[in-house]
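Chains as they are written, first to last, in this note's numbering: chain A, 114 to 428; chain B, 114 to 428.
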């Protein structure tokens, strides 16, 4: 197979785009696609001060480095869950990228604040680790934005992540999630930052290729708690459909975004969140909450730990 | 496993309903479920004169026999596609049920009208056999309704059929089909009969069990053209999800119906078909058409055969 641009031997074939590229032209193709997505959906606007949620994996580190190459300076935010080697190696990779691009990373240490790691926090809450992790991440990532004046939180969610989650939402027509999934969410001023996902239309394979070709060193291991998750089943199902019908994942997600746009147009006030807002604010810390104390404050209360949410700053 | 009702040894376990039944109580359970569906969605109304689209398979013959047991007298309509033994055996099974329940069946012979079987008709049209078959079936089934005063066409589509088709529609967000799939479609008076699918919420396995336990002799073979169809891939995918999460198919379809109801409520005039109507009527025969001649009349024109649509009446 030949590179579509220069005719040299291709290093990656993209069946869903019916094309193939050498390393150099793949990087250009990929960056252009992300740029187009950012522009088409207005993900990053003039005057924005974005921050990237980094985990140490290929998606978030690629996004961070790519933004830098595009001339968009963004700091990072990392939540250290205290999961042994997994968390330690993740942080190393993050620091290496931070050094390379010359940006700062804010680090929230779960063990320092909660006096235990995420599995033990989850046990106390009688929740799955992923549920406790999501709650804490959403809280501290939002807090750093509001406190430090970042008005936009960027995450590395890719097409495969989004398609798998959407698959589950559609399979069970989960109203509370279905039409709320979006490529970006507006801010609730002073309470909740804007959010956007520049890799929404880039497959996992494309992002991995981008990381490898551009020499980004990331942690290969997945979070140990992701094993057996339903989204992995859905990813496999979509992967096998994609195998026989290339382009399906992209059509699934793009078709959904179009449908969502129409729904938002035809019923703008029907609880489809154009904004990111919760239903109220926490009585203790003032950040968004479903009602009463927010999950973060309730967790601290349960653990009998006074309120704190400190960050280490690196770089 | 014990029958939930009588405690005798169960002959069928229904994991999606978390229950099990002996033969007798399964029949009662199944018929009650169908009755509930008919009532809940107003599928059959007082004064209706329904006709059942029969193919010789388990779904349509079970529906036909079940309606008779429920005291709903319905004739049948069968389209003989001229596919060798498959069509011959199908018709035999249909006639046996017609005899058993004492009802009439109208038979449309594709070879008699088109002077060739469905595969040859499809070739002339440069369409897949399934596409030509669907077009002819819709036409003649509607025609028999309008001509003979049947105001309601009932089909045996089951949960698995509907879930697989919906799966394909959602995967590609096919606007032209997605929100048009429904458990019933209203009539376009004088042009298009009402349609309904009483087995919409009954799985293929449940219908097969009903046919076998109640002694309905049906053709086991599937239509030879159904092999390799995408809906079969989707049925397998949904089957494997159902295996690990019983009840998924039913939730998928019920969730969709709920979503559809909301969409119809919030935008009743936006082309979501509450009615069954086409966009116009055929200049030759007067039946619904997408514009100009209908597919049926165009086919006859292409074959240089004068218009005819005759039925044989059996029973």
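Here a beta-carbon is modelled for each residue, glycine too, at the ideal position from N, C-alpha and C.
For residue 426 (chain B), there is no enclosing alpha helix (DSSP H); the enclosing beta strand (DSSP E) has its first and last residue at 425-427.
Judged by beta-carbon spacing, residue 202 (chain A) lies beyond the 9 Å limit of residue 223 (chain A), meaning their Cβ atoms are not closer than that value. With distances taken between CA atoms, residue 133 (chain A) lies nearest to A:119 out of A:144, A:284, A:119. For residue 307 (chain B), the three-state secondary structure derived from DSSP is strand.
In the structure shown, residue 166 (chain A) adopts extended strand secondary structure according to DSSP, grouped into three states. Straight-line spacing of the CA atoms in residue 349 (chain B) and residue 348 (chain A) works out to 16 Å.
For the pair residue 303 (chain A) and residue 343 (chain A), the Cα-to-Cα distance works out to about 35 Å. At a C-beta separation below 7 Å, residue 350 (chain B) has these neighbours in chain A: 350. Burial is judged here by how many other beta carbons sit within 10 angstroms of a residue's own beta carbon; residue 357 (chain B) has fewer than 16 and is exposed. For residue 200 (chain A), the CB contacts under 8 Å within the same chain, skipping 5 residues up- and downstream, are 193, 194 in chain order. Residue 132 (chain B) has B:127 as its beta-bridge partners, per DSSP. Chain A places no beta carbon closer than 9 Å to that of residue 129 (chain B), leaving this residue out of the contacts. Within the stretch 140-160 of chain B, contact with chain A at the beta-carbon level (separation under 9 Å) is assigned to no residue. Within the DSSP bridge table, the entry for residue 280 (chain A) names no partner. Residue state for residue 224 (chain A) is assigned as helix, using DSSP reduced to three classes. Taking residue 328 (chain A) as reference, the option from A:154, A:171, A:127 with the minimal CA-CA separation is A:171.
The C-beta of residue 337 (chain A) has fewer than 16 other C-beta atoms within 10 Å across all chains shown, which makes the residue exposed.
Closer than 9 Å to the CB of residue 346 (chain B) there is at least one CB belonging to chain A.
Less than 9 Å divides the Cβ of residue 190 (chain A) from the Cβ of residue 257 (chain A). Nearest to residue 226 (chain B) by C-alpha distance, out of B:426, B:422, B:427, is B:422.
With fewer than 16 neighbouring CB atoms inside 10 Å of its own CB, residue 379 (chain B) falls in the exposed class. Using a C-beta cut-off of 8 Å, the stretch 316-335 of chain A makes no contact with the stretch 152-167 of chain A, since fewer than three inter-stretch Cβ pairs fall below that distance.
The C-alpha of residue 210 (chain A) lies about 12 Å from the C-alpha of residue 180 (chain A). Taking 9 Å as the cut-off, the beta carbon of residue 213 (chain B) is found closer than this to the beta carbon of residue 178 (chain B). Note: residue 301 (chain B) is bridge-paired with B:305 in the DSSP secondary-structure output.
Counted as a single uninterrupted DSSP element, the stretch harbouring residue 189 (chain B) is not any alpha helix (DSSP H) but the beta strand (DSSP E) occupying residues 188-193.
Taking the Cα positions, residue 270 (chain B) is about 8 Å away from residue 173 (chain B). Note that the stretch 136-146 of chain B does not touch the stretch 239-257 of chain B; fewer than 3 beta-carbon pairs, one per stretch, sit closer than 8 Å. Going by beta carbons, residue 366 (chain A) and residue 279 (chain A) fall inside the 9 Å limit.
Setting aside the 5 residues that flank it on each side, residue 419 (chain B) is surrounded in the same chain by 413, each with a C-beta closer than 8 Å to its C-beta; the list follows chain order. The beta carbon of residue 138 (chain B) sits closer than 8 Å to those of 116, 117, 118, 119, all from its chain and outside the five residues before and after it, given in chain order.
Listed along chain B, the residues sitting closer than 7 Å to residue 283 (chain A) by beta-carbon distance are 283. Here residue 156 (chain B) is near residue 297 (chain B), since their CB atoms are less than 9 Å apart.
Residue burial is scored here from C-beta neighbours: residue 254 (chain A) has at least 16 other C-beta atoms within 10 angstroms and is therefore classed as buried.
Around the CB of residue 216 (chain A), 16 or more other CB atoms lie within 10 Å, so the residue is classed as buried. Spatial neighbours of residue 351 (chain A) in its own chain (CB-CB distance under 8 Å, excluding positions within 5 residues in sequence) are listed in chain order as 273, 276, 277, 280, 361, 362, 365.
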